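Chains as they are written, first to last, in this note's numbering: chain Z, 1 to 395; chain P, 1001 to 1305.
Here it is in structure tokens:
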């Protein structure tokens, strides 16, 4: 039987990994990821979790150890944040291109300089070309559930890709709320131990993995990776549906909708700020604006088709980016407008940069984005607008 | 134990027809190491000459499972393999890292230090050809003083980094130096390492014909000269106990060492060596032998972790 427990987002991640019966964990400490691994370490040392913890000297090594472990057939897990994620970037590609079903939690945090430990999504989004299925959750419960779902997606025979599960620093990682903790039996039923992909231990037919591939052999590996991403798109939805029928919770697969049934306007958002967006929409509806929230839960494979069907025909869409690609603008804005290119009856799209470096994204900020959208739908495409930049601090 | 070359198994786990350069020391060493370890061996290989020597997809020169990994990551990836084997209760598989001096003493320094400190159950062989040979002879921290490389065209200014000593100071169960010119000594060390648990480090001196500029049939000759002139010292530290190995045993007596010029003049890379550089090179040899003599006296150099 499931039980309820008050826990932080990081503990929810740790419980999700433990319930998934991870076999090899390797990690390196970085704020605000630390309590994920501390909890798992405690579970191994005193809580009866049967797993090996490789306490490495860097994030690059943490993911390398997971890559080695996964190649030898172990179910592997790591967690990191910001600079740790950037430091392991080479190995992030290696795991993705190597088609190894590693699962990693990323506590999204801003990038220095200047140093900051608070949430921003640029670290996670900078990994979007690495061949990982990439998700971003809104809540502690979703963090726990998504780690379990991640293994079901990653280890699927038609997918075989690593999965990254992102959660906002502090607003999710360190905020404690009640979480429903499924029983081990329930999770075992949902996530049976799949086939052993220990290609490195096949001594009868020894294989060399990752050796030099000349141009006449190389491109097909990327084609197959892209195909696996397409398979993942379907798998994410079926896993979420199966999860819903077993545990009674759904996150909409790749895209979560809130009050979108009759909406004329939508706020498109990623991660924890979806909470503020939902509150904002409730208030907007009281003011007579038919708005809803479209939360992009999965960033790779980018749910183009789902977003087109969610947004085509609307009057306007406000995209909230807690990230920045300098010289381009909001990453989500760019990807979303690209996905909407060529749809019939495209909505007006307005991009807003908000909450960088952990600055609070307030409900009023989101109300502002929709209200300014409503008054400007007839105008042409607009560039990203920065919210809450303090002019008095600028030179 | 293998006592003679003819006692080696006939099975080849590093296959013939591989694309190694003529006289390649890495290919010689790999062939011997894998014969000594046998088929239940997993290789972890970072970027380097062995990336090429293993052949290109869909073929391979490796007769055992092999995973390639990024330059800096061999020790940590091998730690992961070892941890997975441990989790599965598999105890009869060797995890062998085969890495060059660049992957070991430069870019992979943090990860090998981490794996050694954690006492990861792996055998790490650094085949030391004293430069980045695969990319075209750029200097590494393991290049000796005075040596020409494409990034030290007038000779390297800094002396060679002493990696075996650094590994000893990690107090791991086994540290050894060897030379491809003395295969039986190397094989014995590999076999000893395979019987031990924890981190085992073997530093294999590997004369490289194109990189050191000597004819490809002289790999063994140059390797022997390195030992006979006292420039390379073979030893082992087993559970903290230091022992000079047979190939170097006579040369603890300075009078028995052959003239350093024989070694230096056999290689084009030292052709422009200045007297000052040569003096420093000789000075380093003397210092190394003094250290070795002290270790012989101390015998138990450290208590392994």
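The C-beta atom is built at its ideal place from N, Cα and C for all residues, glycine as well. Everything numeric in this text was worked out from a predicted model, so none of it was measured.
So the candidates are the options; which of them puts its Cα closest to the Cα of residue i?
i: residue 1220 (chain P); options: P:1024, P:1020, P:1201, P:1261; result: P:1024
i: residue 70 (chain Z); options: P:1071, P:1088, P:1038; result: P:1088
i: residue 333 (chain Z); options: Z:222, Z:326, Z:321; result: Z:321
i: residue 1141 (chain P); options: P:1251, P:1030, P:1128; result: P:1128
i: residue 293 (chain Z); options: Z:286, Z:307, Z:259; result: Z:259
i: residue 377 (chain Z); options: Z:36, Z:281, Z:314; result: Z:314
i: residue 211 (chain Z); options: P:1159, P:1070, P:1032; result: P:1070
i: residue 75 (chain Z); options: Z:62, Z:93, Z:97, Z:101; result: Z:101
i: residue 1097 (chain P); options: P:1067, P:1086, P:1090, P:1107; result: P:1067
i: residue 301 (chain Z); options: Z:21, Z:134, Z:218, Z:33; result: Z:134
i: residue 188 (chain Z); options: Z:287, Z:34, Z:18, Z:6; result: Z:18
i: residue 290 (chain Z); options: Z:262, Z:83, Z:274; result: Z:262
i: residue 197 (chain Z); options: Z:160, Z:221, Z:222, Z:228; result: Z:160
i: residue 116 (chain Z); options: Z:104, Z:83, Z:147; result: Z:83
i: residue 118 (chain Z); options: Z:275, Z:33, Z:149; result: Z:33
Among the residues of its own chain, which have a CB less than 6 angstroms from the CB of residue i, if the five just before and after it don't count?
i: residue 52 (chain Z); result: 24
i: residue 1034 (chain P); result: 1013, 1014
i: residue 1303 (chain P); result: 1240
i: residue 58 (chain Z); result: 28
i: residue 323 (chain Z); result: 121, 122, 125, 331
i: residue 143 (chain Z); result: 9, 12, 13, 137, 167
i: residue 1183 (chain P); result: 1032
i: residue 1258 (chain P); result: 1228, 1229
Can you name, in chain order, every residue of its own chain whose Cβ lies under 8 angstroms from the Cβ of residue i, other than the five neighbours on each side?
i: residue 2 (chain Z); result: 180, 181, 182, 183, 186, 247
i: residue 60 (chain Z); result: 87, 88, 90, 91
i: residue 312 (chain Z); result: 340, 343, 344, 345, 346, 347
i: residue 283 (chain Z); result: 363, 367
i: residue 175 (chain Z); result: 8, 9, 140
i: residue 237 (chain Z); result: 253, 254
i: residue 310 (chain Z); result: 255, 257, 260, 266, 294
i: residue 1271 (chain P); result: 1148, 1213
Assuming the contact rule is C-beta atoms closer than 8 angstroms, residue i and residue j should be a hit. Round their C-beta distance to whole Å, please.
i: residue 1165 (chain P); j: residue 1241 (chain P); result: That pair is no contact at about 16 angstroms.
i: residue 1233 (chain P); j: residue 1292 (chain P); result: 6 angstroms
i: residue 1122 (chain P); j: residue 1082 (chain P); result: 5 angstroms
i: residue 281 (chain Z); j: residue 267 (chain Z); result: 7 angstroms
i: residue 424 (chain Z); j: residue 394 (chain Z); result: In the structure displayed, chain Z extends from 1 to 395; residue 424 (chain Z) sits before or after that span and is not available.
i: residue 199 (chain Z); j: residue 207 (chain Z); result: 5 angstroms
i: residue 1075 (chain P); j: residue 1114 (chain P); result: 7 angstroms
i: residue 178 (chain Z); j: residue 6 (chain Z); result: 5 angstroms
i: residue 1189 (chain P); j: residue 1178 (chain P); result: 5 angstroms
i: residue 1168 (chain P); j: residue 1301 (chain P); result: 7 angstroms
i: residue 80 (chain Z); j: residue 30 (chain Z); result: 6 angstroms
i: residue 72 (chain Z); j: residue 1099 (chain P); result: Going by Cβ atoms, the distance from residue 72 (chain Z) to residue 1099 (chain P) rounds to 19 angstroms, so no, they are not a contact pair.
i: residue 97 (chain Z); j: residue 224 (chain Z); result: That pair is no contact at about 10 angstroms.
i: residue 353 (chain Z); j: residue 387 (chain Z); result: 7 angstroms
i: residue 1108 (chain P); j: residue 1072 (chain P); result: 5 angstroms
i: residue 1206 (chain P); j: residue 1026 (chain P); result: 6 angstroms
Can you name, in chain order, every residue of its own chain whose Cβ lies under 7 angstroms from the Cβ of residue i, other than the five neighbours on each side?
i: residue 269 (chain Z); result: 277, 293, 295, 320
i: residue 1055 (chain P); result: 1018, 1019, 1061
i: residue 1150 (chain P); result: 1136, 1137, 1138
i: residue 1244 (chain P); result: 1235, 1252, 1292, 1296
i: residue 11 (chain Z); result: 35, 39
i: residue 1273 (chain P); result: 1146, 1155, 1264
i: residue 337 (chain Z); result: 349
Counting pairs of beta carbons, one from the stretch 230–240 of chain Z and one from the stretch 142–159 of chain Z, are three or more of them closer than 8 angstroms? yes
Please determine if the stretch 1038–1056 of chain P and the stretch 38–49 of chain Z are in contact, where contact requires at least 3 C-beta pairs separated by less than 8 angstroms. no
Residues of the stretch 1025–1051 of chain P whose Cβ lies closer than 9 angstroms to any Cβ of chain Z, in chain order: Those residues of the stretch 1025–1051 of chain P placed with their C-beta closer than 9 angstroms to a C-beta in chain Z are 1039, 1040, 1041, 1042, 1043, 1044, 1045, 1051, ordered along the chain.
Are the stretch 129–144 of chain Z and the stretch 156–176 of chain Z touching, with three or more C-beta to C-beta distances below 8 angstroms? yes
Is the stretch 1047–1055 of chain P in contact with the stretch 1130–1144 of chain P, if contact means three or more CB pairs nearer than 8 angstroms? yes
What are the residues in the stretch 1065–1076 of chain P lying within 9 angstroms of chain Z by C-beta distance? 1065, 1066, 1067, 1068, 1069, 1070, 1071, 1072, 1073, 1074, 1075, 1076
Interface positions of the stretch 1081–1115 of chain P facing chain C (Cβ-Cβ less than 9 angstroms), listed along the chain: This model lacks chain C altogether; the protein chains it does include are Z and P.
If the cut-off is 9 angstroms on Cβ atoms, which residues from the stretch 207–219 of chain Z count as contacting chain P, listed in chain order? 207, 208, 209, 210, 211, 212, 213, 214, 217, 218
Against chain P: residues of the stretch 65–76 of chain Z by CB proximity under 9 angstroms: 65, 66, 67, 68, 69, 70, 71, 72, 73, 74, 76
Would you list, in chain order, the members of the stretch 6–24 of chain Z that have their beta-carbon closer than 8 angstroms to a beta-carbon of chain P? Cβ contacts with chain P: 23, 24.
Got a sec: which bits of the stretch 45–57 of chain Z sit with their beta carbon under 9 angstroms from any beta carbon on chain P, in order along the chain? 50, 51, 52, 53, 54, 55, 56, 57
Output needed in chain order: residues of the stretch 189–204 of chain Z with a Cβ under 8 angstroms from some Cβ in chain P. Those residues of the stretch 189–204 of chain Z placed with their C-beta closer than 8 angstroms to a C-beta in chain P are 198, 199, 200, 201, 202, 203, ordered along the chain.
When you check each C-beta in the stretch 1161–1179 of chain P against every C-beta of chain Z, which residues fall closer than 7 angstroms? none
Closer than 7 angstroms between beta carbons: that is the criterion. Which residues of the stretch 94–113 of chain Z meet it against chain P? 94
Return the residues of the stretch 1118–1129 of chain P that lie within a Cβ-Cβ distance of less than 9 angstroms from chain Z, sorted by chain order. The residues in question are 1118, 1120.
Going along the chain, which residues of the stretch 30–41 of chain Z sit with their C-beta nearer than 7 angstroms to a C-beta in chain P? Of all residues in the stretch 30–41 of chain Z, none has a Cβ within less than 7 angstroms of some Cβ in chain P.
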